[in-house]
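One structure is given below, encoded as structure tokens.
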Amino acid sequence: NNPINTSYNNKLMKSVFEHLSNEIIFEVFEYLDLYHVYYGFFSLNKRFKYLLVDSNILIKINTLAISKSKFEHYYQNIINPNKNRINILRLSNQFTVDIVFSPPHIISEFIQLEKLILDNINMNNLYEIFQELMSLFNLRSLTLNIAEYVDSSIDL
39 NNPINTSYNN KLMKSVFEHL SNEIIFEVFE YLDLYHVYYG FFSLNKRFKY
89 LLVDSNILIK INTLAISKSK FEHYYQNIIN PNKNRINILR LSNQFTVDIV
139 FSPPHIISEF IQLEKLILDN INMNNLYEIF QELMSLFNLR SLTLNIAEYV
189 DSSIDL
């Protein structure tokens, strides 16, 4: 466990990863949630910042197991600035749905959105959600998981 050798090996590994082509780095990013990609790579250097901010690569967002405070930060710093690049969006609980669908109704600016999954949503919000989704012309798939029992006689 020579400290000089360990330090050299760490620099070598970092250098090797940073020299990979953009295409390979994007392949690696595909295996990670965007939340972790941003927090792991955004501040690493200018190249990674550029890859994450100025890229035309479409983005998949999955908000499973995220607290409200972390989601609010994630929304302001990652989702909102990249809304025109998001093609798959999964909102995992009511507060995430409330934040994304609340005024100023930026959901209509998710112009690349093809697939939307809303988990644990409140029946009371469905009409407003459907109204907002009508402006998303690329939306091909909508999955709704209602938080409460739905009476089949209720007209959605």
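The sequence shown begins at 39 in this note's numbering and counts up one residue at a time. A virtual CB, placed ideally from N, CA and C, is assigned to each residue, including glycine. Just so you know, these numbers come straight off a predicted model, no measurement behind them.
- Around the beta carbon of Phe55, fewer than 16 other beta carbons sit within 10 angstroms, so the residue counts as exposed.
- The beta-carbon distance between Phe148 and Leu174, rounded to whole angstroms, is 6 Å. This is short enough to meet the 8 Å contact definition.
- DSSP links Asp157 through a beta bridge to Asn183.
- Judged by DSSP in its simplified three-state form, Leu127 adopts strand.
- Secondary structure at Asn100: strand, using DSSP grouped into helix, strand and coil.
- Following the DSSP letters along the chain, one finds Arg85 inside the alpha helix (DSSP H) bounded by residues Lys84 to Val91.
- Under the 10 Å beta carbon count, Lys121 is surrounded by 16 or more other beta carbons and is classified as buried.
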